[in-house]
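Undergrad: Using my numbering, the first residue of the sequence shown is number 6, and each one after it goes up by one. Glycine included, every Cβ here is placed at the ideal spot set by N, Cα and C. Note that this is a predicted model, so its numbers are computed, not measured.
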Amino acid sequence: MKLILSRKGFDSAHGGCPSPILDGQLLCPLPIPDAGAPTPYGKISSFNGSAIAQIVEDLTGGRFKRGHGAHLDPDLRRDAIARAAGWRPIFGQAAAAQGHLRKQNVGRGDLFIFFGCFRRAERVGGALRFVRSAPKLHVIFGWLQVGRVIRATDSVAAEFPWAAGHPHLAAPDRYKNNTLYFASDRLSSIGINTSGAGTFDRLGPELILSQTDPYINCSTWRLPRWFVPGGRAPLSYHSKPARWTDCATSVRVQSAYPGQEFVLDVDQYPEAHAWLRSIFRAANR
Numbered sequence: 006m007k008l009i010l011s012r013k014g015f016d017s018a019h020g021g022c023p024s025p026i027l028d029g030q031l032l033c034p035l036p037i038p039d040a041g042a043p044t045p046y047g048k049i050s051s052f053n054g055s056a057i058a059q060i061v062e063d064l065t066g067g068r069f070k071r072g073h074g075a076h077l078d079p080d081l082r083r084d085a086i087a088r089a090a091g092w093r094p095i096f097g098q099a100a101a102a103q104g105h106l107r108k109q110n111v112g113r114g115d116l117f118i119f120f121g122c123f124r125r126a127e128r129v130g131g132a133l134r135f136v137r138s139a140p141k142l143h144v145i146f147g148w149l150q151v152g153r154v155i156r157a158t159d160s161v162a163a164e165f166p167w168a169a170g171h172p173h174l175a176a177p178d179r180y181k182n183n184t185l186y187f188a189s190d191r192l193s194s195i196g197i198n199t200s201g202a203g204t205f206d207r208l209g210p211e212l213i214l215s216q217t218d219p220y221i222n223c224s225t226w227r228l229p230r231w232f233v234p235g236g237r238a239p240l241s242y243h244s245k246p247a248r249w250t251d252c253a254t255s256v257r258v259q260s261a262y263p264g265q266e267f268v269l270d271v272d273q274y275p276e277a278h279a280w281l282r283s284i285f286r287a288a289n290r
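1) Quick one: grab the DSSP three-state call for ILE57.
2) Going by beta carbon distance, what residues of the same chain come within less than 7 Å of GLY47, once the five residues before and after it are set aside?
3) Got a sec, what are the start and stop residues for the beta strand (DSSP E) ASP24 sits in?
4) At which residues does the beta strand (DSSP E) containing ALA42 begin and terminate?
5) Can at least three beta-carbon pairs, one atom from the region 133-143 and one from the region 216-236, be found at a separation below 8 Å?
6) Could you check what DSSP says for VAL111 in three-state terms: helix, strand or coil?
7) Classify ALA202 as helix, strand or coil using the three-state DSSP reduction.
8) Could you work out which residue in PRO263, ARG68, ALA175, THR184 is closest to VAL243 when comparing CA atoms only?
9) What is the rounded straight-line gap between the Cα of GLY196 and the Cα of ALA279?
10) Within the same chain, show all residues whose beta-carbon is closer than 8 Å to that of ASP63, passing over the 5 residues directly before and after it, in chain order.
11) Can you confirm whether the region 34-53 touches the region 10-25 when touching is taken to mean that 3 or more C-beta pairs between the two stretches lie within less than 8 Å?
12) Runs of 3 residues minimum, wholly inside the region 210-241: which ones carry the beta strand (DSSP E) assignment?
13) Measure the C-alpha to C-alpha separation of GLN103 and GLN30 and round it to an integer number of angstroms.
14) Our contact map puts LEU77 next to GLY203 with C-beta atoms below 8 Å; I'd like the distance itself, whole angstroms only.
15) From the DSSP output, in three-state form, read off ILE284 for me.
16) Measure from the alpha carbon of GLY74 to the alpha carbon of each residue in HIS19, CYS122, ARG124, then state which is nearest.
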């Protein structure tokens, strides 16, 4: 089994700001802007009573508005937009990032853990803004266990009409190495009885990758000590020893940037199973 830590959503490079943490604890991952995507922000359903389009307009200072296309990917929430019968969660990847996943032999049964840049936000004068004292954090917000890997083509859109609105199928030739990862029915790879894909709604310490005590920046992580390679294949893109600092009971990691897909061979790191189960159990309390 492969574990893929997959960076997605708004950040300084895509969208220009983090995704918000609302009311102190609610994770609201924002899909990145995409002028060629078939779904505009205005068509995405509200999040806990707040319109996604208004959130995007407020936090970007109006640079992106409700009519701007949203790259709704990974597409994990059934209620995000109107769905055709048969819908299931999908993640699309392409270009060099997909080449990396292919090189790492990512396929059926492997588990994507999606994380992104988040920051606490508050309402001031009717508009949403970031809390000035709040740090940017890398936070886990969703998952997808791979049930099927399919090359994205026009024929796939015809075969799976419920998937036709996905941005990687709207115009398949826009992307090189255009590939879709369909979710499995259940999360079987780590022994958790839950859906094969979904989102974590509330912030908790188990979902925060960034080191917070002391805080350095969102890309400096604190992970369980067993992540240290120690002769095993390291988390991909993290082979340089200088990225790893032993902290006795944990390890500080300078995560790679830029980079989207960081792959760990769980067969070499069996401790990952218990770690992943602890994340799901704590997040679902």
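TA: According to the structure shown:
1) To locate residue 57, count along the sequence shown from 1; it is residue 52. Correct three-state label for ILE57: helix.
2) Your numbering for residue 47 matches position 42 in the sequence shown. Result list for GLY47: ALA58, ARG71, GLY72, in chain order.
3) Counting from one through the sequence shown, the residue named residue 24 turns up at place 19. Note on residue identity: the sequence assigns Ser, not Asp, to residue 24. Note, SER24: beta strand (DSSP E), 24-27.
4) Indexing the sequence shown from 1 puts residue 42 at position 37. No beta strand (DSSP E) contains ALA42, which DSSP labels as neither H nor E.
5) yes
6) Counting from 1 along the sequence shown, the entry for residue 111 is found at position 106. Reduced to three states, the DSSP call for VAL111 is coil.
7) Taking the sequence shown and counting its residues from 1, one reaches residue 202 at position 197. The answer is strand: DSSP assigns ALA202 an E or B state.
8) Within the sequence shown, numbered from 1, the residue matching residue 243 stands at position 238. Looking at the sequence provided, one finds His at residue 243 rather than Val. If we check each option's Cα against that of HIS243, PRO263 comes out closest.
9) The residue given as residue 196 occupies position 191 in the sequence shown. The residue given as residue 279 occupies position 274 in the sequence shown. GLY196 and ALA279: Cα-Cα distance of roughly 10 Å.
10) Along the sequence shown, read from residue 1 onward, the residue named residue 63 stands at position 58. Contacts found: ALA132, LEU133, ARG134.
11) yes
12) 225-229
13) For the purposes of this step, residue 103 is taken as the residue at position 98 of the sequence shown. For the purposes of this step, residue 30 is taken as the residue at position 25 of the sequence shown. Roughly 32 Å between the two C-alpha positions.
14) Start at 1 with the first residue of the sequence shown, and residue 77 comes out as number 72. Start at 1 with the first residue of the sequence shown, and residue 203 comes out as number 198. About 15 Å; that fails the 8 Å criterion.
15) Walking along the sequence shown from the start, residue 284 turns up at place 279. Residue state, collapsed to three classes: helix.
16) Your numbering for residue 74 matches position 69 in the sequence shown. Taking only the C-alpha atoms, the option nearest GLY74 is HIS19.
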